[in-house]
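Asks: The numbers in UniProt numbering rise by one with no breaks, and the one at position 324 of the sequence shown is 324.
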Amino acid sequence: MSLKILFRGRVLLAIIIFTIITCTGIIYTSIKSLRLDREHLLLLELSKNIDLEISHSRIFLDDYFLLNDSPKKSTILNCFTNTGKYTTSLDSLISAKYKGSREASLRNSLEEVASQVKLLQNSVATSLQNNVEEFNVAILTEYRDFQLAYQELDKKIHDYILHENTVFRQRVFTLVLLTLVLLLVCIFLIYRIINSYNAIEKQQALRALEVEYKERKRIAADLHDGLGSILSSIALFIKLIEKDCTNNAENKSLVQVKELSGIALENLEATINNLNPSILNKYGLIKSLEILCDKINDIGEVSCVVNSTNSEIKLDQNMELNVYRICNELINNTLKHAGASKLYIDIQQIKKTVVIIYRDNGKGFNPELIYTSDEEKMGLRNIINRIESFGGKYEINTGEGKGVEIKLSFMI
């Protein structure tokens, strides 16, 4: 359990780190985008205000000359005052925010506009002070020069904004690319973590199976050498006593004791064989299963077939024992619960994968009941637990009245 918690913690940590970095990137991008939008809007607004104020001054100056509207003097001068404020604000914004060569070119254009505004302001102020009653060529020329300077400034502002947006989009693209790379790294790390966990879990399961195999072998040996020897000795002494005994009643009791000791010895041999099937060591997996099927066929109630294109499956002793037990348990389930007349076992080794397909034509069952408390499904649950313990997979196809097909596969 602690191992699962450890690996789950590592996976969760990788996901959290990716989420934090991604969210930070999104927040940074959003804030940067909003800040750029505000700065660009302010640039355009200040620039347009300069042009508007100069245009207004020209309109008011026309009114002054055409209508001799003296109150327009102060309005005209206010236009130039406002233009100066906007020019100063624009210069401050460019100076504070922008430091590169493009920004220097932008400031040069702004200085040219400011210079033209100053010249125009002086000429208009002089004309108003001297009560000149019509436009002179110098003022018209200065208005034209201002428009040319302003057009150059406006073009550079738009070019600069376009450049800034292009750079920002490139940074966003780079950020997205880095995020994708980080995602791939996280997926790779999670994949490595899961693989490591599966490898360790499989190693632990194999170690547990190996310990189980050794313990079963030890118990089988102890039973054979201890209890088996005692029961054999009892049977031998009974035979000796039978020869010397002439009493029929005593002979009858000895026969009963002899039969019981024989049954006990047979049960002991079956238990020892179940703990450590000696048939596997002698014949191997495929031949042992064929012998088991021959015994079932001899009874005559169920037809049993074992098929394998491999002359022998190459497994270590521990794994071979587990596969034998799995097949034995499947056969027992069929004989006890399925009411089948035929069962079929197919075992194939494809490179490093062993595939077992088991079928019977019995009554089948509802696969949803496998993990319920139904005692009939306990053997199948044990098979599933055993195949999963060494990293195997299983598929169960069955239903009421449809027989059973179970596919087991595992790597070796």
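Note that CB positions come from ideal geometry on N, CA and C, so glycine has one too.
What are the start and end residues of the alpha helix (DSSP H) that includes residue 406?
Replies: Where residue 406 is concerned, there is no enclosing alpha helix (DSSP H), although the beta strand (DSSP E) it sits in stretches over 404-411.
Asks: Can you name, in chain order, every residue of its own chain whose Cβ lies under 6 Å from the Cβ of residue 342, other than the five neighbours on each side?
Replies: Around residue 342: 303 and 361.
Asks: I want to know whether the stretch 284-302 touches the stretch 320-331 - three or more CB-CB distances under 8 Å.
Replies: Flag = yes, the stretch 284-302 and the stretch 320-331 touch.
Asks: What number of angstroms, rounded off, separates the C-alpha of residue 111 from the C-alpha of residue 63?
Replies: Roughly 29 Å separates the two Cα atoms.
Asks: By the 10 Å Cβ neighbour count, where 16 or more other Cβ atoms means buried, how is residue 149 classified, buried or exposed?
Replies: That one is buried.
Asks: Using only the alpha-carbon positions, how far apart do residue 193 and residue 299 sit?
Replies: If you take the alpha carbons of residue 193 and residue 299, they lie about 52 Å apart.
Asks: DSSP three-state call for residue 111: helix, strand or coil?
Replies: Correct three-state label for residue 111: helix.
Asks: Give every residue of the same chain whose Cβ lies closer than 7 Å to the Cβ of residue 29, excluding the five residues on either side of it in the sequence, and list them in chain order.
Replies: Cβ neighbours of residue 29 beyond the five flanking positions: 172 and 175.
Asks: How do the stretch 69-85 and the stretch 177-193 stand: do at least 3 beta-carbon pairs fall below 8 Å, yes or no?
Replies: The stretch 69-85 is not in contact with the stretch 177-193.
Asks: Helix, strand or coil: which one does DSSP assign to residue 36?
Replies: The answer is helix: DSSP assigns residue 36 an H, G or I state.
Asks: What did DSSP end up calling residue 303 once you bin it into helix, strand or coil?
Replies: Residue 303: strand per DSSP, three-state reduction.
Asks: Compute the distance between the beta-carbons of residue 444 and residue 410, then report whether it is under 8 Å.
Replies: Since the first residue shown for the chain is 1 and the last is 412, residue 444 is missing from the structure and cannot be characterised.
Asks: Could you give the distance in angstroms between the alpha-carbon of residue 1 and the alpha-carbon of residue 164?
Replies: With a pLDDT of 48 at residue 1, under the threshold of 50, the modelled position of that residue is not reliable, and no figure is offered here.
Asks: For the alpha helix (DSSP H) that contains residue 322, what are its first and last residues?
Replies: 317-333 is the extent of the alpha helix (DSSP H) around residue 322.
Asks: Between which residues of its own chain and residue 238 is the CB-CB distance below 7 Å, once the five residues before and five after are set aside?
Replies: For residue 238, where only same-chain residues beyond five positions count, the Cβ hits under 7 Å are 254, 257, 258 and 261.
Asks: Do residue 54 and residue 117 have their C-beta atoms within less than 8 Å of each other?
Replies: In contact: residue 54 and residue 117 (Cβ atoms closer than 8 Å).
Asks: Is it a yes or a no for the stretch 309-317 touching the stretch 341-356, going by three-plus beta-carbon pairs under 8 Å?
Replies: The stretch 309-317 vs the stretch 341-356: in contact.
Asks: Could you spell out where the beta strand (DSSP E) holding residue 397 opens and where it closes?
Replies: First-last of the beta strand (DSSP E) with residue 397: 393-398.
Asks: Can you grab the Cα-Cα spacing for the pair residue 413 / residue 187, in whole Å?
Replies: Any property of residue 413 remains undetermined from this structure, which presents the chain solely from 1 to 412.
Asks: According to the neighbour-count rule (16 or more other Cβ atoms, all chains shown, within 10 Å of its Cβ), is residue 81 buried or exposed?
Replies: Residue 81 comes out exposed.
Asks: For residue 160, is the classification buried or exposed, using 16 other Cβ atoms within 10 angstroms of its Cβ as the cut-off for buried?
Replies: Buried, since its Cβ has 16 or more Cβ neighbours within 10 Å.
Asks: Could you work out which residue in 89, 364 and 317 is closest to residue 339 when comparing CA atoms only?
Replies: That would be 364, whose Cα lies nearest to the Cα of residue 339.
Asks: Taking 8 Å as the cut-off, decide whether the C-beta atoms of residue 329 and residue 366 are in contact.
Replies: Not a contact, by the Cβ cut-off of 8 Å.
Asks: Do residue 105 and residue 156 count as a contact pair if the criterion is CB distance below 8 Å?
Replies: In this structure, residue 105 lies closer than 8 Å to residue 156 by Cβ.
Asks: What is the DSSP secondary structure of residue 351, counted as helix, strand or coil?
Replies: Note: residue 351 maps to coil in three-state DSSP.
Asks: Is the Cβ-Cβ distance between residue 380 and residue 333 less than 8 Å?
Replies: It is a contact, given that the beta carbons lie within the stated cut-off.
Asks: Thinking residue 124 and residue 46 are a contact (beta carbons under 8 Å), I'd like their distance in whole angstroms, please.
Replies: Contact doesn't hold; Cβ gap of about 22 Å is too wide.
Asks: Are the beta-carbon atoms of residue 200 and residue 14 separated by less than 8 Å?
Replies: Going by C-beta atoms, residue 200 is not nearer than 8 Å to residue 14.
Asks: CA-CA distance, residue 403 and residue 368?
Replies: Rounded to whole angstroms, residue 403 to residue 368 spans 15 Å at the Cα level.
Asks: If you run the structure through DSSP and keep just helix, strand and coil, what is residue 363?
Replies: Note: residue 363 maps to coil in three-state DSSP.
Asks: Given this structure, state the Cα-to-Cα distance separating residue 344 from residue 305, to the nearest angstrom.
Replies: Between residue 344 and residue 305, the C-alpha separation is close to 5 Å.
Asks: Does the separation of the CB atoms of residue 388 and residue 407 fall below 8 Å?
Replies: No, these two residues do not count as a Cβ contact at 8 Å.
Asks: Please return the same chain residues whose Cβ sits closer than 6 Å to the Cβ of residue 308, not counting the five positions on each side in sequence.
Replies: Taken in chain order, the residues that qualify are 286 and 347.
Asks: Contact check, residue 113 vs residue 87 under 8 Å by CB: the rounded distance?
Replies: That pair is a contact at about 7 Å.
Asks: Have a look at residue 10 and residue 198 and give me their C-alpha separation to the nearest angstrom.
Replies: Spanning the two alpha carbons is a distance of roughly 14 Å.
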